[in-house]
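So the structure is just underneath, and the comments pick up after that.
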Amino acid sequence: IYFVNMSKNWTEAQSYCREKYTDLVTIDNPEEMNRVINSVNLTGYTGPAWIGLEKGNSWNWQWSLEERLLYSDGQTGFSNWDSSQPDNYQGKEHCVQMCSSGKWNDISCENTFSFVCYNGSAEGDQRYILINDAKTWKDAQTYCRENYTDLVSVRNQTENDLIHNMTKSGTCVWIGLYRDYWQWSDQRNSSFRYWKLGKPDSYDEIENCTIASITQTLSGTWDDRECGEKHPFLCYYDVPLILVQENKTWNEALNYCRENYVDLVSVHSKEIQSWVEKKVRSATSDHVWLGLRFSCFLNFWFWVSGHTVCYDNWAPGNGTGTGHCGNTGAVRSGGGHQWVSLPDTEELNFICVTC
């Protein structure tokens, strides 16, 4: 993420980011917001900064799980609404439950229900996990993202029937569908929101863009503002990575990346780790190969790109001590996405750098 200390209105900031980087920044979680605050504060700046969130022209239904590789043409538009639904009763029904009939109903996100998580690293029916613990939609989303991949997306009638069969008679469960007026500049459908209390308020219906408060006291919380105001802004550069959903040994993965792209990914910073985490959510294996290998002769880990291992994210019991000779590094596709040391003969998905 790049902080640009130039005062521009939101549209000018968007154009600048698209010309120089990729786009205005999309923020996915509180940890990412905290990293932004800490990074920008090092420059001595505290105050508002534009981010990529703007108000659209209408409510848009979207799935919590944004990974585009999960969906074929038309699958993001599948629906199975009950009669007279969605009705947005009292203007407050922005999340979706599936009830034991298999039909969908929009309802306030503050209600509590059991929910279904999706595990992208499992196979078949094992990808769907019913959690019999009543939570709000947002808390259910957080639980699924911390323990699996995300709240479930329902892409077709077959998946709808499968989830319907998991629910008990007379009960309802959260699924990953929600709606929002707000949209990201880069067209990603990240559902993370970090509004200040009482925001957005759309004062006089002219506050259609978003600033983040780059101060520790306000914790990076967001406020809707008039798009013509001039502020510094935050851009991002899209790290060119691709997840290959084929299981190969580490050496086969290395050769594949070098023949078809550039190399296996080297994760030499927290920023690249965050991009890797986004990719591995769609993996079909429990772990995903990185370009990390242990040198038996020199007795240390190294990246195949030539970068030294300064940043690391090892899971407990991995990466240190003895017994790593012949091993290579992988990242867990679920949970905290920490790194593990594995024999290079295991067959896993992998991530390539594309340019």
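No gaps in the numbering here: position 3 of the sequence shown is 3 in UniProt numbering, and each next residue is one more. Cβ coordinates follow ideal geometry from the N, Cα and C atoms, glycine included.
### Task
Determine, using beta carbons only, whether T167 and S100 come nearer to each other than 9 Å.
In the sequence shown, counting from the first residue as 1, residue 167 sits at position 167. In the sequence shown, counting from the first residue as 1, residue 100 sits at position 100. In contact: T167 and S100 (Cβ atoms closer than 9 Å).
### Task
Give the DSSP-derived three-state secondary structure of C172 in the structure shown.
Position 172 of the sequence shown, counted from the first residue, corresponds to residue 172. Residue state, collapsed to three classes: strand.
#### Entry: C-beta contact flag for L151 and G176 at 9 Å
Against the sequence shown, residue 151 aligns to sequence position 151. Against the sequence shown, residue 176 aligns to sequence position 176. Yes, they are a contact pair.
#### Entry: Segment contact, 8 Å Cβ cut-off, at least three pairs: the segment 123 to 139 with the segment 332 to 345
no
### Task
Could you please give me the residues that DSSP links to D23 through a beta bridge?
Translated into the one-based positions of the sequence shown, residue 23 becomes position 23. DSSP lists Y236 as partners of D23.
### Task
Pull up the distance between the alpha-carbon of F3 and that of S266, whole angstroms please.
Here residue 3 refers to the residue found at position 3 of the sequence shown. Here residue 266 refers to the residue found at position 266 of the sequence shown. About 24 Å.
### Task
Tell me whether P316 sits in a helix, a strand or coil according to DSSP, three-state version.
As a position in the sequence shown, residue 316 is number 316, starting the count at 1. Three-state DSSP puts P316 in coil, outside helix and strand.
### Query
alpha helix (DSSP H) containing C206: first to last residue?
Position 206 of the sequence shown, counting from 1, holds the residue named residue 206. This sequence places Ile at residue 206; Cys is not what is there. Neither: I206 is in no alpha helix (DSSP H) and is coded neither H nor E.
### Task
Report buried or exposed for M6, applying the criterion of at least 16 other Cβ atoms within 10 angstroms of its Cβ.
The residue labelled residue 6 in the question sits at position 6 within the sequence shown. Classification for M6: exposed.
### Query
Going by beta carbon distance, what residues of the same chain come within less than 6 Å of W137, once the five residues before and after it are set aside?
Residue mapping note: residue 137 aligns to position 137 of the sequence shown, counting from 1. These residues qualify, in order along the chain: C95, C109, W174.
### Task
Give me the Cα-Cα distance between E205 and N132, rounded to the nearest whole angstrom.
Taking the sequence shown and counting its residues from 1, the one referred to as residue 205 is at position 205. Taking the sequence shown and counting its residues from 1, the one referred to as residue 132 is at position 132. The alpha-carbon atoms of E205 and N132 are separated by roughly 41 Å.
### Task
Give the straight-line distance between the Cα atoms of H268 and Y237, rounded to the nearest whole angstrom.
Taking the first residue of the sequence shown as 1, we reach residue 268 at position 268. Taking the first residue of the sequence shown as 1, we reach residue 237 at position 237. Taking the straight line from one Cα to the other gives about 16 Å.
### Message
I'd like the ranges of any beta strand (DSSP E) spanning at least 3 consecutive residues and lying wholly in the segment 95 to 139.
### Response
95 to 99, 104 to 107, 113 to 118, 128 to 135
### Task
Measure the beta-carbon distance from F192 to W50 and round it to whole angstroms, keeping in mind my assumption that it falls under 8 Å.
Against the sequence shown, residue 192 aligns to sequence position 192. Against the sequence shown, residue 50 aligns to sequence position 50. With 8 Å as the limit, F192 and W50 do not qualify as a contact, their Cβ atoms being about 17 Å apart.
### Task
Measure the alpha-carbon distance for S169 versus N313 and round it to whole angstroms.
As a first step, residue 169 is located in the sequence shown; it is residue number 169 there, counting from the start. As a first step, residue 313 is located in the sequence shown; it is residue number 313 there, counting from the start. Those two C-alpha atoms are separated by around 44 Å.
### Query
Taking one C-beta from the segment 277 to 286 and one from the segment 313 to 333 each time, how about it: are there three or more such pairs within less than 8 Å?
yes
#### Entry: Y148 and G120 closer than 9 Å at C-beta
Position 148 of the sequence shown holds residue 148. Position 120 of the sequence shown holds residue 120. Going by C-beta atoms, Y148 is nearer than 9 Å to G120.
### Task
Verify the CB distance criterion: does F3 have a CB-CB separation below 9 Å to chain D?
Judged by its chain identifiers, the structure shown contains no chain D, having just a single protein chain.
### Query
For N80, does the three-state DSSP call read helix, strand or coil?
In the sequence shown, counting from the first residue as 1, residue 80 sits at position 80. Looking at N80 - three-state DSSP - the assignment turns out to be coil, as it is neither helix nor strand.
### Message
Once the 5 residues before and after V25 are set aside, which same chain residues still bring their CB inside 7 Å of it?
### Response
Sequence index remark: in the sequence shown, residue 25 carries index 25 (1-based). I1, I51, G52, L234, C235, Y236.
### Query
Do you know whose CA, among C257, N38, W250, L65, lies nearest P240's CA?
Indexing the sequence shown from 1 puts residue 240 at position 240. Per the Cα distances, C257.
### Task
Reducing DSSP to helix, strand and coil, say where L65 ends up.
Within the sequence shown, the letter at position 65 stands for residue 65. L65: coil per DSSP, three-state reduction.
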